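A.B. asks:
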Amino acid sequence: MLICEVIGHVWATKKEASLSGLKMMVVRELTPDYKPTERTFVAADVVGAGIGEWVLTVGGSTARHAFGKEELAADAAIVGIIDKVEM
Amino acid sequence: MLICEVIGHVWATKKEASLSGLKMMVVRELTPDYKPTERTFVAADVVGAGIGEWVLTVGGSTARHAFGKEELAADAAIVGIIDKVEM
Amino acid sequence: MLICEVIGHVWATKKEASLSGLKMMVVRELTPDYKPTERTFVAADVVGAGIGEWVLTVGGSTARHAFGKEELAADAAIVGIIDKVEM
Amino acid sequence: MLICEVIGHVWATKKEASLSGLKMMVVRELTPDYKPTERTFVAADVVGAGIGEWVLTVGGSTARHAFGKEELAADAAIVGIIDKVEM
Amino acid sequence: MLICEVIGHVWATKKEASLSGLKMMVVRELTPDYKPTERTFVAADVVGAGIGEWVLTVGGSTARHAFGKEELAADAAIVGIIDKVEM
Numbered sequence: 268m269l270i271c272e273v274i275g276h277v278w279a280t281k282k283e284a285s286l287s288g289l290k291m292m293v294v295r296e297l298t299p300d301y302k303p304t305e306r307t308f309v310a311a312d313v314v315g316a317g318i319g320e321w322v323l324t325v326g327g328s329t330a331r332h333a334f335g336k337e338e339l340a341a342d343a344a345i346v347g348i349i350d351k352v353e354m
Numbered sequence: 268m269l270i271c272e273v274i275g276h277v278w279a280t281k282k283e284a285s286l287s288g289l290k291m292m293v294v295r296e297l298t299p300d301y302k303p304t305e306r307t308f309v310a311a312d313v314v315g316a317g318i319g320e321w322v323l324t325v326g327g328s329t330a331r332h333a334f335g336k337e338e339l340a341a342d343a344a345i346v347g348i349i350d351k352v353e354m
Numbered sequence: 268m269l270i271c272e273v274i275g276h277v278w279a280t281k282k283e284a285s286l287s288g289l290k291m292m293v294v295r296e297l298t299p300d301y302k303p304t305e306r307t308f309v310a311a312d313v314v315g316a317g318i319g320e321w322v323l324t325v326g327g328s329t330a331r332h333a334f335g336k337e338e339l340a341a342d343a344a345i346v347g348i349i350d351k352v353e354m
Numbered sequence: 268m269l270i271c272e273v274i275g276h277v278w279a280t281k282k283e284a285s286l287s288g289l290k291m292m293v294v295r296e297l298t299p300d301y302k303p304t305e306r307t308f309v310a311a312d313v314v315g316a317g318i319g320e321w322v323l324t325v326g327g328s329t330a331r332h333a334f335g336k337e338e339l340a341a342d343a344a345i346v347g348i349i350d351k352v353e354m
Numbered sequence: 268m269l270i271c272e273v274i275g276h277v278w279a280t281k282k283e284a285s286l287s288g289l290k291m292m293v294v295r296e297l298t299p300d301y302k303p304t305e306r307t308f309v310a311a312d313v314v315g316a317g318i319g320e321w322v323l324t325v326g327g328s329t330a331r332h333a334f335g336k337e338e339l340a341a342d343a344a345i346v347g348i349i350d351k352v353e354m
C-alpha cells in the first residue's frame, strides 16, 4: 500500500461499463513524513475520501478485490483514510 | 489508472491470435496538469479513443478484465476518455 | 521479496472491511548490506514484526495469498523476520 | 505492451520444467520512435521473432496467458512483430 | 524474466508457513553483457543455484506458479541457470 494525498478527480463520460458510478480520484504519493513526491495516479475510491485527505491505496489485481468485483476495469483503489502515521 | 495522451498506433500483422482485431495505441503518460512525461507504452483500446485524446489506462491483469477475456494477450488497456481533470 | 526495515505504522479508522484488525506497518527498503534506500511503502504484517526489525516483504497478489484471503484489500505483506543476510 | 527490439537469446540447460522448448530472447525497450532505452529483459517468444526485429511484449500474468498455459514459469512474452509505429 | 547473479542468501527463522524449507537467495540484476546493476532483491530458488551463478528470475504471480503452489508467499523465483547469453 502507498501513502497518498487526494489532489483531484477525473471526469470521464465515455468509459468501460464496469467503471460507471465509481469516483476516480487523482492522488499523489507521499513519503511517510507527508512530503509530496513526483508520483501521481488515478485511483477508484472505496471509502469516501475527499480532496486533501491522506489515504492508503492499493494497486494491481488487489484493487479489483477491494470492490469485490473481479471484472472491474480499475487497477488502483483508495482503501483507507489515514488518521496518523506513527514513526 | 494513469492519465495518458494517445500519440500513435502500432501495426503488427503477425501476432498472438487473441490480439486479432484489437486497436493497439501508443500512449504517453501525462501529469495531472496535462504535462507530457517520458513514459510511453502500447495499450489496447476498449472505448474508441483517437489520436490526441486524453485517456485513462489500466495495466496488468486488469487490462484483460477490461475486455472480459481472461485469455487476452494484452497487459495495458484504454478504459475511458477523459473530459476533465479537476484539481 | 524485498529486504526492508520496519520504521513505523499507520492508523486508519475508516477502511475497507477486509483490512480490519490487520497491523499496517511502514517499511523502508534496504540494500543487501542493510543500507537504507529512498523507497518506502506500507505492508500488512503476518509475522508480528516490530519497529526496527529487518523483514522480508512480498507485493502484488502474493500479499493476499500470504494471509490466505484472496479477497483481502492489501497489496504488500511482511512474511518473514530476517535473522541474517549472508553474502 | 512495450515496443522492444530483439537483441539476443539466452541458453539455460537447467531450468524449471515448464520452460522446456521455449525460446528465451533478450529484448531492449525502444521509444515509440525506435530509440533504444537502457531497459532490457528476457521474454519467451510466441511468434517466431528474430534478432533485430521490433516486437510487442507483455509482462506479468499476461505472459502466461499468451501461451495458454497458466502454470508456465515465464513473466514476459513476445506477442507480436511490429510492422510500423504510426505517429 | 531478468538476468541476475546470485550474491547471497537470507536466513529467516520466523516466517510465513508456506516458505518453510525454501532457499531464499539474494540476487543482483545484470545487464545482458553481465554488468552489475544497482537492483537487488530476494528470490526463492527452484533449480538449485549457487552463489556466483547467473540465473533467470521471474516475479509476481509467476513465482508462485514456478513452484506449483498458488498459496506460496513468494513473489520472486529463480527458474533457470544461464549457460550463455548470445548477442
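Protein chains in written order, with our numbering: chain A, 268 to 354; chain B, 268 to 354; chain C, 268 to 354; chain D, 268 to 354; chain E, 268 to 354.
Even for Gly, the Cβ is constructed at its ideal location relative to N, Cα and C.
Nothing here was measured: the structure is a model prediction, and the numbers come from that model.
Can you list the residues of chain B that M291/A reaches, using a CB-CB cut of under 9 Å?
C.D. replies: Here the neighbours are M268, L323, G347.
A.B. asks: I'd like to know whether the C-beta of K281/D is nearer than 8 Å to at least one C-beta of chain E.
C.D. replies: It does: the Cβ of K281/D has a partner Cβ on chain E nearer than 8 Å.
A.B. asks: L297/C CB to nearest chain A CB: under 8 Å?
C.D. replies: Cβ-Cβ to chain A under 8 Å: no for L297/C.
A.B. asks: Relative to the alpha-carbon of V277/C, which residue among M268/C, I270/C, S287/C has its alpha-carbon at the smallest distance?
C.D. replies: That would be S287/C, whose Cα lies nearest to the Cα of V277/C.
A.B. asks: Pick out the complete beta strand (DSSP E) segments inside the region 284-354 of chain E, 3 residues or longer, and give them in chain order.
C.D. replies: Correct list: 291-297, 303-312, 321-326, 343-348, 351-353.
A.B. asks: Considering only the beta carbon of each residue, do V273/A and E320/A sit closer than 8 Å?
C.D. replies: It is a contact, given that the beta carbons lie within the stated cut-off.
A.B. asks: Which same chain residues, not among the five before or five after P299/A, have their C-beta less than 7 Å away from its C-beta?
C.D. replies: If we look at P299/A and ignore the five residues flanking it on each side, its Cβ neighbours are I270, V352, M354.
A.B. asks: Using a cut-off of 7 Å between C-beta atoms, extract the partners of T307/C located in chain A.
C.D. replies: Here the neighbours are T298, P299.
A.B. asks: So which of T324/D, G315/D, A311/D has the shortest CA-CA distance to A310/B?
C.D. replies: It is T324/D whose Cα lies nearest to the Cα of A310/B.
A.B. asks: Between which residues of its own chain and T304/A is the CB-CB distance below 6 Å, once the five residues before and five after are set aside?
C.D. replies: E296, listed in sequence order.
A.B. asks: From the beta carbon of S287/B, is the nearest beta carbon of chain G less than 8 Å away?
C.D. replies: Annotation note: the requested chain G is absent from the structure, which comprises protein chains A, B, C, D and E.
A.B. asks: Give a yes or no on whether the minimum CB-CB distance between V277/B and chain D is below 8 Å.
C.D. replies: Judged by the 8 Å Cβ criterion, V277/B is in contact with chain D.
A.B. asks: Assign D342/C to one of two classes, buried (16 or more other C-beta atoms within 10 Å of its C-beta) or exposed (fewer than that).
C.D. replies: Buried is the call here.
A.B. asks: For a contact meaning CB atoms closer than 8 Å, what does A343/A contact in chain B?
C.D. replies: Neighbours of A343/A on chain B, chain order: M268.
A.B. asks: So A340/A contacts chain B; which residues on that side make the cut at Cβ distance below 8 Å?
C.D. replies: Those within 8 Å of A340/A in chain B are V313, V325, T329, H332, A333, A344, V346.
A.B. asks: In chain C, which residues lie with their C-beta within 8 Å of the C-beta of E272/E?
C.D. replies: Correct list: empty, because the minimum Cβ distance to chain C is about 12 Å.
A.B. asks: Have a look at S328/D, V322/D, Y301/D and flag the residue whose alpha-carbon is nearest the alpha-carbon of M292/D.
C.D. replies: For the residues S328/D, V322/D, Y301/D, the minimum Cα distance to M292/D belongs to V322/D.
A.B. asks: For A340/C, which option in I348/A, A330/A, I349/A has the closest C-alpha, if you only look at C-alpha atoms?
C.D. replies: Ranking the options by Cα distance to A340/C, first place goes to A330/A.
A.B. asks: Report, in whole angstroms, the separation of the C-beta atoms of A333/C and E283/E, which I expect to be a contact under 8 Å.
C.D. replies: Their Cβ separation, rounded to whole angstroms, is 5 Å, which keeps A333/C and E283/E in contact under 8 Å.
A.B. asks: Measuring alpha carbon to alpha carbon, tell me which residue in V294/E, K281/E, A279/E is nearest G326/E.
C.D. replies: Per the Cα distances, V294/E.
A.B. asks: Can you name the residues of chain C whose CB is closer than 8 Å to the CB of E337/E?
C.D. replies: In chain order: H332.
A.B. asks: Here's the rule: buried if 16 or more other CB atoms are within 10 angstroms of the residue's CB, otherwise exposed. What is I318/E?
C.D. replies: It is exposed - the Cβ of I318/E has fewer than 16 other Cβ atoms within 10 Å.
A.B. asks: Please classify D312/B as buried or exposed, where buried requires at least 16 neighbouring CB atoms within 10 angstroms.
C.D. replies: Buried.
A.B. asks: Would you call G347/D buried or exposed, if buried means 16 or more other Cβ atoms sit within 10 Å of its Cβ?
C.D. replies: That one is buried.
A.B. asks: Between A344/C, D350/C, I349/C, which has its C-alpha nearest M268/A's C-alpha?
C.D. replies: The candidate whose alpha carbon is nearest that of M268/A is A344/C.
A.B. asks: Can you name the residues of chain C whose CB is closer than 7 Å to the CB of K351/A?
C.D. replies: Correct list: W278.
A.B. asks: Roughly how far, in whole angstroms, is the beta-carbon of S285/D from the beta-carbon of S328/B, given that I think they are within contact range, below 8 Å?
C.D. replies: Actually they do not touch by this definition, with Cβ atoms about 19 Å apart.
A.B. asks: Less than 7 Å between C-beta atoms, sequence neighbours within five positions excluded: which residues of the same chain meet that for W349/C?
C.D. replies: The sequence as given places Ile at residue 349/C; Trp does not occur at that position. I270, W321, V322, L323.
A.B. asks: Going by beta carbon distance, what residues of the same chain come within less than 7 Å of F308/E, once the five residues before and after it are set aside?
C.D. replies: Answer for F308/E: V294, A343, listed in chain order.
A.B. asks: According to DSSP, I270/A sits in a beta bridge with which residue or residues?
C.D. replies: Per DSSP, L323/A.
A.B. asks: Can you list, in chain order, the residues of its chain with a C-beta nearer than 8 Å to that of T290/B? Leave out the 5 residues immediately preceding and following it.
C.D. replies: Checking the displayed sequence, the identity of residue 290/B turns out to be Lys instead of Thr. If we look at K290/B and ignore the five residues flanking it on each side, its Cβ neighbours are H276, A311, D312.
A.B. asks: Expressed to the nearest angstrom, what Euclidean distance is found between the alpha-carbon atoms of A316/C and K302/A?
C.D. replies: For A316/C and K302/A, the distance between alpha carbons rounds to 26 Å.
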